[in-house]
């Protein structure tokens, strides 16, 4: 138990120093495996299974979607499509109270469906919308809270990287559970099933965000003031 806690805080330390996530996770794990071999607390046979595990991950057709989603998010950021979309929706809703917040939620929803990852959505929306919202008189807590809440939509609105990873894990777990129950013709759970199940909850969450922003901007107009057409231009 103590070793696991030390491993966890070591990973956090290396991440805070600035090492890339991939190298940190792999390097720290191998470092502790080496320490375990020297102290006799780790079996060397586990390391021999590492190449086959890596090959299995690389040949998994489901996980091919993960780097493609990341590439799509980078493409949206570099091509300025997300920026143009945010400016257009800001001009459309900016004259209403909380209009910029509504534009952020809608753009974040589209980015979530396009990138499928939380980090990309939060970074893009933070860079593009936060300076504009603060400049237009939005309260910092309201602006940052809206961006962070919208960023979480990337986890649930399909297509989502999290759902792709869960689909790969749950498919094997569901089949194994049925075999343990004596069902020898097990059904499977596909990533498409998870996408279909997450669509309605994701849209409901977007609707709740919009309602919350509208109500809060109506009750406390100082948090999210309306803008004139001249200010938007």
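Numbering (my numbering), first residue to last: 648 to 880.
Note that the Cβ used here is the ideal one computed from N, Cα and C, for glycine as well.
Quantities reported herein were computed from a predicted structural model and do not represent experimental measurements.
State yes or no: is the C-beta of residue i within less than 8 Å of the C-beta of residue j?
i	j	result
residue 850	residue 814	no
residue 652	residue 661	no
residue 776	residue 723	no
residue 785	residue 753	no
residue 817	residue 836	yes
residue 860	residue 793	yes
residue 797	residue 854	no
residue 670	residue 654	no
Within 10 angstroms of its Cβ, does residue i collect 16 or more other Cβ (buried), or is it exposed?
i	result
residue 856	buried
residue 706	exposed
residue 801	buried
residue 862	exposed
residue 744	buried
residue 826	exposed
residue 644	Nothing in the structure corresponds to residue 644, since the chain is present only between 648 and 880.
residue 726	exposed
Where does residue i sit, in a helix, a strand or coil, going by DSSP?
i	result
residue 725	helix
residue 837	coil
residue 885	This structure cannot speak to residue 885, because the chain is shown only from 648 to 880.
residue 735	helix
residue 830	coil
residue 805	coil
residue 776	helix
residue 872	coil
residue 743	coil
residue 748	helix
Since residue i and residue j should fall inside the 8 Å C-beta cutoff, what is the C-beta to C-beta distance between them, to a whole number of angstroms?
i	j	result
residue 729	residue 811	Wrong, their Cβ atoms sit about 22 Å apart, outside the cutoff.
residue 852	residue 803	7 Å
Check whether the Cβ of residue i lies closer than 8 Å to any Cβ atom in chain B.
i	result
residue 827	This model lacks chain B altogether, as it is built from one protein chain only.
Extract the residue ranges of the alpha helix (DSSP H) inside the region 655-714, only unbroken runs of 4 or more that lie entirely within it. 668-686, 692-695, 697-705
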